[in-house]
Every structure is written in C-alpha cells, then in structure tokens.
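Protein chains in written order, with this note's numbering: chain C, 1 to 354; chain E, 355 to 708; chain W, 709 to 1062; chain L, 1063 to 1416. Positions of the beta carbon are idealized from the N, C-alpha and C atoms, including for glycine. Structure first, then comments.
Protein chains: 4
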Amino acid sequence: MSSMTGNKIKISVFGQSHSEAIGVVIDGLPAGKKLDMGKISAFMERRAPGRSIYSTARKEPDAPEIVSGLVNGVTCGAPLCALIRNRNTRSSDYDNIIDTPRPSHADYSGFVRYGGFNDVAGGGHFSGRLTAPLCFAGAVCMQFLEDMGVKITAHILNIASVYDESYDLSAEEFPDVSAKAFPVISEKAGEKMRTEIDRARMDCDSVGGIIQCAVTGIKAGVGDPMFDGVENLIARNIFAVPAVKGIEFGNGFAAAQLRGSENNDPFCVKNGEIKTVTNNSGGINGGITNGMPVVFSTAFKPTPSIYKEQSSVSLREKTEKKLKIEGRHDPCIVARAVPVIEAVTAFTVLDLLS
Amino acid sequence: MSSMTGNKIKISVFGQSHSEAIGVVIDGLPAGKKLDMGKISAFMERRAPGRSIYSTARKEPDAPEIVSGLVNGVTCGAPLCALIRNRNTRSSDYDNIIDTPRPSHADYSGFVRYGGFNDVAGGGHFSGRLTAPLCFAGAVCMQFLEDMGVKITAHILNIASVYDESYDLSAEEFPDVSAKAFPVISEKAGEKMRTEIDRARMDCDSVGGIIQCAVTGIKAGVGDPMFDGVENLIARNIFAVPAVKGIEFGNGFAAAQLRGSENNDPFCVKNGEIKTVTNNSGGINGGITNGMPVVFSTAFKPTPSIYKEQSSVSLREKTEKKLKIEGRHDPCIVARAVPVIEAVTAFTVLDLLS
Amino acid sequence: MSSMTGNKIKISVFGQSHSEAIGVVIDGLPAGKKLDMGKISAFMERRAPGRSIYSTARKEPDAPEIVSGLVNGVTCGAPLCALIRNRNTRSSDYDNIIDTPRPSHADYSGFVRYGGFNDVAGGGHFSGRLTAPLCFAGAVCMQFLEDMGVKITAHILNIASVYDESYDLSAEEFPDVSAKAFPVISEKAGEKMRTEIDRARMDCDSVGGIIQCAVTGIKAGVGDPMFDGVENLIARNIFAVPAVKGIEFGNGFAAAQLRGSENNDPFCVKNGEIKTVTNNSGGINGGITNGMPVVFSTAFKPTPSIYKEQSSVSLREKTEKKLKIEGRHDPCIVARAVPVIEAVTAFTVLDLLS
Amino acid sequence: MSSMTGNKIKISVFGQSHSEAIGVVIDGLPAGKKLDMGKISAFMERRAPGRSIYSTARKEPDAPEIVSGLVNGVTCGAPLCALIRNRNTRSSDYDNIIDTPRPSHADYSGFVRYGGFNDVAGGGHFSGRLTAPLCFAGAVCMQFLEDMGVKITAHILNIASVYDESYDLSAEEFPDVSAKAFPVISEKAGEKMRTEIDRARMDCDSVGGIIQCAVTGIKAGVGDPMFDGVENLIARNIFAVPAVKGIEFGNGFAAAQLRGSENNDPFCVKNGEIKTVTNNSGGINGGITNGMPVVFSTAFKPTPSIYKEQSSVSLREKTEKKLKIEGRHDPCIVARAVPVIEAVTAFTVLDLLS
C-alpha cells in the first residue's frame, strides 16, 4: 500500500471511510505563508456531499482540523497535518458486501490484496471520501501556486452523451466556473447533464463523465524528461482519484487521427514572448512545459454503486450470488470530482515547481 | 531531469540520439536467470528502424552490449547495464534547428529547461532513439515475467481513421501479432493503415495512432491503492514514451458515456476461480489487479517531424521564421512503438510483482 | 523538509512540540495483524517523560489515538495513523529564544532554513517530543518483527566516563534490560551513571552517552549493496533521532586500530548453520546481513538545553548576547532514548524485511 | 539490490570487479557546465591502484569514457554516463573462494542474498573497484560545488595506533593535502603510518584507519529535519563505501563523554555573520547546516583480504575449512579511500544543494 506521493512536496493520505478520521500530511511546504482558512473551507465545500440533490445524502461538515505545521496560522516548514473526523457512518449498510464484493469496486481486489482483512465499510481506504483530504492538500497548495501566478480550473466536459463547451485549446485563459454548484461552462449543457443524472437516479443506475482541467500561468521549462515529466506525474497522481480510467493531454486521443501538419503547434511571438498558435500539445513537449497552458481531460467511469441487482459471488463459498447494494450513493460523482481533479493537479504542480 | 523510475526494479536510461552511446541500467533483477540473448535481439529488432519501408531509412544494428550484471550469461544480482553505440549519426542535419525549434518537438521546452544547452542533434535525450534501451530493459524483464506466467501483447488499434479489431475485453487471452512486421490483428485493416501512412508520406506529412496492450496471467491482488496502483505506475512510465498523449484502462473514455449497469463487470465463477464476465475495468479496481487481464490503450500523436514547411521562431531574435525539417523521419512511428509499449509495460509490471 | 522515510514500510512523522498534536502515519503494514495495544503503551511508557527523577518533569499521558488503519484492532492494510495530543505546553517559556538561539540546538539552523518562520516553541518539529511518534511506529513494527522471530534490544553503554558492560559481540542473544527504568546491564554501572547525571543536574549542566543496540533473529541475506544496505538505512534513520552524532556497526571505530587478522570474523558451523566465531562485522558484510546479530552503537551528545548562562546572539541585531534557558529539561536524555533507538531500528528492519 | 541514490542529483552505479566495465549514470546535473576532464582524471588518479607501494599492484588506466550527457564537453542536462573498462582481470585467482567465503567479505552474505549466483570474482559488485565510478561522479559534482564556493577536503586521521593532526574543529578552512600521495597533514605521522602498513604487509596482514572530511563554504540552512538531514544523507551514502563501519559528525562519539557546557557551540558574530566559536556540532544542528564547516570522520576496518590462513567453511558441504586468499590486495586501503570519501560527500552535498 502506498498512499504517499511527491518529491519535494510530499503528500501522505490516511483514513478509511468509517475509521475514526481521515486526513493528510503535507511535507515540504515553504515556511512563512499565512493560510487563508476561509478559502480552504470554500474549496472543500465544493467537494462535500449533500451539496445538491445531485449528490449523496450523507451530510458531513468535513471541517479539517489542522494539528501541526502552523504557528499562528502561518506555515512553519514542519509537516502540515489535517484531520477530518468521520461522524456520520453507518457501517451496518456494508454488512452484506463483506462476503459479496460489489462489481467494479475494489472490494474483491482489496480482499485478495489484504488477505480478507481490508476494510470494506464504506469502501474503506478506497472510498471516494478519501478525496476530502486530497482536496484539503490541493486547497493548501493552491495558495502557494496563486503567489506564483499559477491558476487551476476545471469543468465537467461530458456526462453520458452530453458535452459542455470544451476549453479553447489555443487560449491562455479559461472560463472559471468554480463558483457554480454544477461546474459547466454552458448552462444549457449543464441542464441536460442534470437531466441525464436524474434519469440514471430514477433507474437506480449511475452515469460517468469527463472532466477537463487547465493550468495557466505556468512558465516554460517545468518538468523533466522521461519518467518525471509533467504528464507522467500528473497522470500518476490523477489515477489516485477513484473511478478515473483515462487521461489525455492536449487533444490526446483525437491526435491519433490527425496528421502532423494538423496537430503540430506552430510557434509564434506574442507580446515579445514565444508561444504556440494552437495548443494541441496541452502545454507539454518532451514532458516539459512550453509556456502554454497545461490542459488535460480525465475520464470517470459511472459510479459502480448502483441500486439495481447485480451478479456477484460469495468469496467464502466461491459461488455466484446476487447482490443489491444499500446505503447512500451518488448517481454521478463527476460534479463533486471537479475540485478533486483541481486539487490533485495543484499539489502535483506545486511539487514540480518546488 | 529524471530518467530513472521504479521501486524494486529500477531503470536508469541514458544517452542522446547522437551521443557516443545510449543505454540503460536495470537494478534489482533477481539473480540466477540465464538471459536468452536471441530473444532480446529479436525483440529489439521489432523496434529497430529500417525494418520496412514504413519506417525511417536510418539503419543501425542496435546490438546491445551488456557490460555488467551477468556471470556467464546469468544474472548475478548486480545492476545490469547495456550499451548501444550510436554509429550512423548525421548531426549536421540538425544545424538549422538549434535556433529554430521544430513545432511540437521538445526543442523549445528543452531549450528553456536547460538554458539553451540541451542537445538538439537528433532530438537529443528526447529522441525516439531512446526507446531502444527501453526495449532492451523490457525484453530482459519479460523473461522474468514469462517464468511467472505473465505475458504482454500489443497491437496497433488505430491509425488515422482506420481501426484494427479491438481486443475482446471479456477474453483472457489475446491474439499475438508480435511476429508481424506490421502488428495488427486484421490484415485488411493493416493494409488500409499502410495506405494511410503512404499517403501521409507522399504528402510530406505524418499520422498518429493508438496502441492497445494487454497483460495476461497477472494474478489478483497486485498493486497498491492511491498513488502506487497499477494504473498510476503504468501511466507514469508509459508517458515516458515520446509522442504519447493519452492512456486509458479498460474501456477508458468510453466508460464516461455508459451507465453503471452497462459498465460494471459482474462477477462469475469460472473453473473454480472468481472472474468477471466483462472486463471494462481493464483488470484493475482501486489500483489493484482483479485477476482479469490488464488492458489499456495509448494514444500517439502524429510524428511532429514532417517535411512540410512550418511556422517557427528564432530563439535568439524572438522573431517568427519558417522552418523546413531535413533528415530521416518516419511518417508514422506507431508500428515501431508497439514493442516499446510492451517493453515499458514489462518493466513496470515486473516492478509491481517484485 | 522531509519527515518521511521507508520503501515498503513508509513512515511519515508530523507535529511540533507545542502544536495541537504530534503523530505518525505508517503505510505498508501487512493486513491481518491484531495489534496488542497494551504492549504499545508499555513500550511508549519507557520513553515518556517524568518516569523518574532522571528525566524532565513535564508529565504527559502520551496516549496515542489510532485514527485509521485498523478494523476492530486488526490492521487492514490501509495507512495507520496515530495522534498524540500536546496538552502540557508552556510556550511562554520559549519567548526569549525566538531572537536568541540556544547553542547547539536547531533554533539557528532552522531559523535560516525556514526564513524565521520555524516554530521554536519547545523546539518545534526538532523537539525530542517527536520521538514519541517514532516510538509508536517502532512499537507497532516490533509486533510484526516478533512474528518473524526478530528481536531488538538496547541498553545504555556509556554515560560521561562510566561504561556499562558491552554486549558480547560473539553472542547470538543479549541481556534484555527493557523492563528497567534505567536500562543498563550492570546495576553498578547504572548507579554510577545516575550519580554522573545527578552531578550534572546540580551543576545546571547535562551529559551525553552511548546506546548499544542489537537485532537478533535476523536471517542472512537481508539488505542490498551500496546505498540500500542495512548499515545505510539504519544510519539514515538513526540520525533522525535528536542529539545523535555518530553511529558504528560491530566494533566500528575500534576496528580502525586493528589488523585484519584480529578483526576478521572466522566462519564456523554451529548446529549445521554457517555462523561466524566473532562478530566484529556487527552482522553485516557488504551491506547485507550474514546471519549473526546486527549490533551497533549510537553516540548522543549531551542535551544542549542547560541552565548555565551561554553565549548566543540576537538574530535581529546580529550582536552577541547572553542567554539563560528556562523551562523543563533533562540533564540526560540517554535513558529515555533507549526505546527510541529500538523503535527506529524496528521500523527500519521491518522495511528491509518487507 | 539498489545501487542508486539521490533526490535531485541521482547516481546509478553499475559493474563488477571483473565484468566488461564498471560505470555510473549521473542524472540531474545542471546544463551548461564545461567539465574539466583534466581535473577529473587527476582526481581519479588519486584513487587509482598502483600509485605507490602502499597499494595493490593491479595497475589499470581507469580512464573513464563519457558516453552521454555532454555536447562538446558541456553538460546538456541529459544523464551523464561514464564507463570504465575492466582490463586487468585475473578471475582464476578467485576460483577457490566460490565455495569458501572470505571472512568479513561479502562473499557469504552475497551468496545467501543472491542464491549463490553472486559474482565473486574480485568481489563482484562489492569490490573496492566500484569506488572508481563513485570517484568519477564525485569529481564531476565537485566542479559544480566549486562554482558555489563549496570545497571538500579529507585526510587520513588514523591508521593503526598512529594519529594525524585532527582538523581544528573551530576553523573555517582546513589544510588541503590532496596533492600528497599519502594524504596526511603531519608528514611525521604519515611516515609512522606507512611503517605500520609495511609491518602489516610483511606480516601478511592488513590495517584499518579513520578518514576525516570537511565541507567548507556551505551556507547555513541546508538540509531537512528528521530523515533527510545532512547527517542522514551523508551517512547513508558513506556506508556505500566498502569497509566503512562507522561515522561521526563533529566530535561524535567523544561528545558522549562531555557535558553540555563543554560540548555546546556558543554563538558569536564574525565579520557581521553569525558563527559559532567552536564546532563540536560538525556544522549541523537538527539535520540542517549552521554555517560552520561540515566535519565528519569515517572508520574503515582493516582490509579483510589478508594472506594469512583463515577459518572458513565450504558452502556446499557446510563444513569448516581453511582458506588462503590469493590475488593482489592492499594491506591498507585507507589512503586510496580518501578521494572516495570526498567524492561521495561531493555528490551528496550537491544533491542537498540542488
């Protein structure tokens, strides 16, 4: 098990959905920064459950308690540790899955990995709840990035068959929809997406989606070739977010179908600075930033927790068995995942810049 | 710069396209394994340039010289280092790009990262030539994987608008096309792809594509949650391959448009073993293998080296400038990249299993 | 700042002497082990202050609260996080050192490293108090080591000019003095040491010492050559303990004055197993265990916190200035450091064996 | 096996005493530095065997061939790889030790670690010969350190019972004896040491010693607390040098016998800068430099290769057996180890400063 990442800014995430607490240690933050706790809370609130009818009914304050790393609210260079207590846990909801793994969850792979001692309650350490400490870490790191002129934005690009407007890949700034409860650029697309989610909910089903994220203000020359490039490190960390099954930078998979003359980004000079006319590269060449925004998209599978009856097995008896999942589950976690993607990007980029 | 990766099996890649040599150190290999050098050569031959008219005319033997780590051909536990000499280099081809970066290459990002001291000849350390040591490392690691019953296969899934047959995601074995000069399942699709490549070549242009890769024989319970999962580590390493712009596991981006009831992989019992009926998860849940094959696709952008005139800049004068690339360049590197993807997967999976 | 260590068993320590809490995350523990909390408490009690008149008067319960990683007291594979609240803090004691660094403390080096934002209260993150989470981590890891037949013991070898009996370097088992409040083999030596400590206390001064530690039951073949050998990793981690200034394995510095014929450990066969007659190597050759106990000694400087007036400087004014330290300080921390050395050794060895 | 180290400046060492070549990859060097090859050769010459009658008769040119990382002799940011060919190998000398491990060598621990497949010829990967690539790496890193005003010097402090003058721990500069074939401060002490070595040689025996090393010009505020402090990282890497059995910083083990009032380093102001009057701390407090020189001593055991008959065992038969070592062996490797200690310190410090 390794729930630690980072070279200079190191993140250590702990907790299970129903353990006493979840939390994160951030090691390597520069000293001398007064953290804006209001901003951190506001950021975390974006991920919090129960924000709208489009997310799970489990309502928790999720207020992080910072137990180390600050002196009078200012970072002191020591590791910053934040705890979030788990209060609203109903473990009995998970009794039936101990022997009967939920399809496309980590119940079975975790069972094998940990010899049956994995914590299944609420998904244990694999739970989406663990994205709360990721968000905390990201919210902290964002405050350092802001001082460097780096900004991270994301939006729901796609849910089911509905697409939001894509970021204009040749732009250097992007619409910021973080204030919205349902973060899309086009309200019309958003409405359709919510209709899709509602339909899935009514069908006891779930839907997936795609989140597009952009990092602006990041200078050329960041990252290392081969294994420690910007794509490598963002990809590694983004796959820590539950339900992520794909990532692409710039025009990604679409590039496969283009010709070089269509896909290459011609250079130009803008205001005395070298830029590219288009940004199909997503701001990265050879693993290293080229001065254009870093843009990438992340694919989320539909929440595997659905209320429809599904085919499972008895782990003990190795026989096939039907399963009906109980408890509280989002029919779509994509909206709540938008700040999570921003957060993971934030601590990865701060690490790259440190 | 970090051209090292791995936890137990550590890979350290070195060399530039036109340096004395390129090579790799592999640290952590188990002792006592007699390496089959013929197999290694055959594997590397698959990547070698000049194999067919569909790849660059630069012809090099690429014979690796193993300078350490073996005693009488048997691994002894000490780091294995292999060198490949660069012989057929024509650095003068690159004179014009020193000041004029090639669009969508690492010339400019590398220039900024290394203060103008980066080696541009042949792409330097960013060159596709560096995939030769990756292939060597992969070919070595594959021999250990074979002993564990793990097999890695890949094929060209897509070039331009032409698609090969996809692997059947519910299968546990896959067609092995590694013997083919142009590794596709459907010869008909392959022919159309080659036509697309020929057309691109005649247009002084290039095309991209998608490679699909499968790891079979890998048991359930491999990998760690969060940052060290199978997806995290494969993704991190795959982005070390030049021109890769996206990766997806299982049905990846397509999952975004499905409902949970369509995308979830129901469990079943086959021959007394717990398996899943489908494998939309690509063999991984919560970062950990579930006993089904690990399947993923990788998007390659079209080779940025095209002979058409392109818009660039003078780095010195910060003015716009036209560029015509000379030298020898593949109109499509996807076919040669197939063993590279297999190789990177091999050392990543061996590391996960060590 | 990096308060994380480990490859498979990863330790992340957080907290300052006067922050809300101190604690540790342990990542990578095998699942399925029921932790004996009584043993953990008993182990931590050995380090706790206020145990005897020979240690500081600050009395704290130091009861660790485990907030994650367990299900019904059994490890579940998820990171184990334990918190220890800081209750008995008197930060005002440290007001005068904010501008006036204490000689041979980390006040000044930390001031420069963190631009003056370091937490000086109680020594901040550099405080000996941070050894409590180290002890917790060690106590947990010891329970896994016990199952493998590995045992770790330590004793005070030296304080001031008084020496305890040394471990017999040719032995395979060692006296276990862990039950003693003052862990020495020879009670007579212990009495003299305590007299030295009392004399130092009455003189408003402090004394240092040496701790000898042995790991028994560790099989041959553990560790890696060069940078990841047993000596490398133990040394790296032991220097995390405040006041440690030296480490030696086997007969260490004394070997420098011997001849090869005196220092070499001849092989022999005991009960059908290959052993060495002597163990001047401290159980390690080429970084790898040889089947004999791993034995090493660690030098502790005298506590730099003394009540005598000392020469310091004003950081603000860059002028020389006298300093009198207040607060509660041990005249000798060596006795309390014995379990700390055992603990750090425990998590390092468990990592090596994982 | 892990022969890699470093965070920003990564070192990967490969080779066995009798493999085709030994060498090193250095990853992370800043681009744009013209390397002075003459200085590198001169530095490596200090370690080379056959320099005087006080070292082994095996004479090899040890000329490193740099195969990557440079463009016209200037670092380009890509990994620098240097090879040193093994030419003068007489593997038959080692035939008798395959089954009969040499006492206090890594023959037996390596045999167990690698299941009998370890390369014993000349000590394999454990050979002192592997210090040649360490020296190369150090010589390269030193050229970067010089530009930062950082200098590293070392001398033989002790051999057998003879002591050289110690560095004055309160000084900020130290005698540089690197030009000497036998690097001591006091020629008189050197003569006596050589007499001791000669006596050991005539007795078919060997002697150990202590090397003292100082890093000057290193500013305050370098290093991280806990596990990544200057002591931690130097210690970890220094134990990679064969025959090292101890390390101490500042007055190290001697501090154990002092009182705080004697051992503490009072602050003072010199030329407007905060310094300490003494430097018993060896320039480090809390793992972080304090602006005084970093000073440490390293203990070397006597070379285990002696010509006297020794007690060993037959690995196959598990019976006791006598062994007489043949081949070419130094009666004392301490003089040749002086540049090795400097070199390891150099790449460790450059990493800390990167």
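For W:C976, return the contacting residues in chain L, with the cut-off set at a CB-CB distance below 8 angstroms.
Chain L residues near W:C976: S1373, V1375 and E1382.
Helix or strand or just coil, what does DSSP make of W:Y871?
Of the three classes helix, strand and coil, the one that applies to W:Y871 here is strand, per DSSP.
Could you spell out the range, first to last residue, of the alpha helix (DSSP H) harbouring C:D351?
First-last of the alpha helix (DSSP H) with C:D351: V334 to L353.
Rounded to whole angstroms, what's the CA-CA distance from W:S878 to L:T1338? Just pull it up for me.
Looking at the two C-alpha atoms, the distance is approximately 43 angstroms.
Could you give the distance in angstroms between the alpha-carbon of L:A1083 and the alpha-carbon of W:P1001?
Those two C-alpha atoms are separated by around 35 angstroms.
Closer than 8 angstroms, Cβ to Cβ, to anything on chain W: give me those residues from the stretch 65 to 80 of chain C, in chain order.
Under the 8 angstroms Cβ criterion, the stretch 65 to 80 of chain C contributes E65, I66, V67, S68, G69, L70, V71, V74, T75, C76, G77, A78, P79 and L80.
Near E:R483, which residues of its chain fall below 6 angstroms by C-beta distance, leaving aside the five closest residues on each side in sequence?
Counting only Cβ-Cβ distances below 6 angstroms, and skipping sequence neighbours, we find S371.
From the DSSP output, which residues share a beta bridge with W:C789?
Paired residue(s): W:V733 and W:S776.
Determine the extent of the beta strand (DSSP E) in which W:C921 is found, giving its start and end residues.
Where W:C921 is concerned, the enclosing beta strand (DSSP E) stretches over G917 to T924.
What do you reckon, are the CB atoms on E:D416 and E:A486 nearer than 7 angstroms?
Yes. Within cutoff.
Step through the CB atoms of chain W and report whether any lies within less than 7 angstroms of the CB of C:V25.
Closer than 7 angstroms: yes.
By DSSP, does E:L497 sit in helix, in strand, or in coil?
According to the sequence provided, residue 497 of chain E is Gln. The question's Leu does not apply to it. Three-state DSSP puts E:Q497 in a helix.
Please name the residue in W:H813, W:F947, W:M934 and W:S874 whose C-alpha comes closest to that of L:F1311.
Nearest option by C-alpha distance: W:F947.
In whole angstroms, what is the alpha-carbon distance linking W:G994 and C:T5?
Cα to Cα, W:G994 sits roughly 31 angstroms from C:T5.
Can you list, in chain order, the residues of the stretch 590 to 615 of chain E whose Cβ is nearer than 7 angstroms to any Cβ on chain C?
Flagged, chain order: R590, N591, F593, A594, K599, G600, I601, E602, F603, G604, G606, F607, A609, A610, Q611, L612, R613, G614 and S615.
Just confirm the distance between the C-beta atoms of C:E309 and C:K321, as a whole number of angstroms; I'd bet it's less than 8 angstroms.
Contact doesn't hold; Cβ gap of about 11 angstroms is too wide.
Please name the residue in L:F1329, L:N1342, L:N1352 and L:A1397 whose C-alpha comes closest to that of W:T1027.
It is L:F1329.
Taking the CB atoms as reference points, tell me whether W:S776 and C:S19 lie closer together than 7 angstroms.
Yes, these two residues count as a Cβ contact at 7 angstroms.
DSSP puts E:V649 in a beta bridge; with which residues?
According to DSSP, which records beta bridges pairwise, E:V649 is partnered with E:A568.
For E:V576, which residues from the same chain have a beta carbon less than 7 angstroms from its beta carbon, with the 5 sequence-adjacent residues on both sides left out?
Cβ within range, chain order: V584, I642, T643, L706 and L707.
Can you list, in chain order, the residues of its chain whose CB lies under 7 angstroms from that of L:F1448, leaving out five sequence neighbours each side?
Residue 1448 of chain L falls outside the range modelled here, since chain L spans only 1063 to 1416, and no answer is possible.
Identify the contact partners of L:N1069 in chain C, using a Cβ-Cβ distance below 9 angstroms as the criterion.
Per Cβ cutoff of 9 angstroms: N7 and K8.
Roughly how many angstroms lie between the CA atoms of E:R439 and E:I687, to the nearest whole one?
Those two C-alpha atoms are separated by around 22 angstroms.
Any idea what DSSP makes of E:F654, helix, strand or coil?
Reduced to three states, the DSSP call for E:F654 is strand.
Quick one, which of L:A1297, L:I1218, L:E1324 and L:D1230 has its alpha-carbon nearest W:D911's?
Selected option, being the one with the closest Cα: L:E1324.
Could you give the C-beta distance for C:T345 and C:I218, rounded to a whole number, given that I count them as a contact under 8 angstroms?
The pair is not a contact, with the Cβ atoms about 11 angstroms apart (cut-off 8 angstroms).
Beta strand (DSSP E) containing L:E1335: first to last residue?
First-last of the beta strand (DSSP E) with L:E1335: E1335 to T1338.
For W:L1058, collect the residues of the same chain with a Cβ closer than 7 angstroms to its Cβ; drop the 5 residues on either side in sequence, then sort them by chain order.
Result list for W:L1058: I717, C849, F852 and L853, in chain order.
Taking Cβ to Cβ, would you say L:G1085 is nearer than 7 angstroms to L:L1142?
No, the Cβ-Cβ distance between L:G1085 and L:L1142 is not below 7 angstroms.
Any idea what DSSP makes of W:M712, helix, strand or coil?
In this structure, W:M712 counts as strand in the three-state DSSP scheme.
Among residues of its own chain, excluding the 5 on either side of E:G477, which ones have a beta-carbon nearer than 6 angstroms to its beta-carbon?
If we look at E:G477 and ignore the five residues flanking it on each side, its Cβ neighbours are S371.
Report the partner residues of E:S665 according to the DSSP bridge assignment.
E:K676, per the DSSP bridge assignment.
So that I know if they touch, is there some Cβ in chain C lying closer than 7 angstroms to that of W:A729?
It does; some Cβ of chain C falls within 7 angstroms.
Go through its chain and collect everything with a Cβ distance to E:K685's Cβ below 6 angstroms, but skip five positions before and after it.
The identity of residue 685 of chain E in the sequence shown is Pro, whereas the question assumes Lys. Result list for E:P685: I551, A554, R555 and S560, in chain order.
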